[in-house]
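Engineer:
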Amino acid sequence: MSELIAKFQALDEQAQQEVVDFVDFLLEKKGRRKPYDPEEYKRKLQSISVWSDQDIKPIEEAQQHFNNWKALEW
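Numbering-wise, the UniProt record's numbering puts 62 at position 62 of the sequence shown, and it's gapless, one number per residue.
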């Protein structure tokens, strides 16, 4: 820990303020985390839409068109 303090003190005032701001950001981010809720996770997974073969077909057709394009020579 003393090494960290020595490095912090070697910084100029502006850099020290950036370090303080970053630590504040990390602490705030840590406080926002929700505990793991398996039921909530399950609900989120169930809300993901499932694509049928018919939904995917236009995408695959477009992919074929892209694959057939030839780049112009410079």
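From the three backbone atoms N, C-alpha and C, an ideal C-beta is built for every residue, glycine too.
Just verifying my parser: in three-state terms, what is the DSSP assignment at Glu13?
Structural biologist: Translated into the one-based positions of the sequence shown, residue 13 becomes position 13. Helix at Glu13.
Engineer: By DSSP, does Asp21 sit in helix, in strand, or in coil?
Structural biologist: For the purposes of this step, residue 21 is identified with residue 21 of the sequence shown, where counting begins at 1. Looking at Asp21 - three-state DSSP - the assignment turns out to be helix.
Engineer: Would you say Phe8 and Val19 are within 8 Å of each other, going by their C-beta atoms?
Structural biologist: Translated into the one-based positions of the sequence shown, residue 8 becomes position 8. Translated into the one-based positions of the sequence shown, residue 19 becomes position 19. Yes, they are a contact pair.
Engineer: Let me know the secondary structure DSSP gives Ile48 once reduced to three states.
Structural biologist: Sequence index remark: in the sequence shown, residue 48 carries index 48 (1-based). Looking at Ile48 - three-state DSSP - the assignment turns out to be coil, as it is neither helix nor strand.
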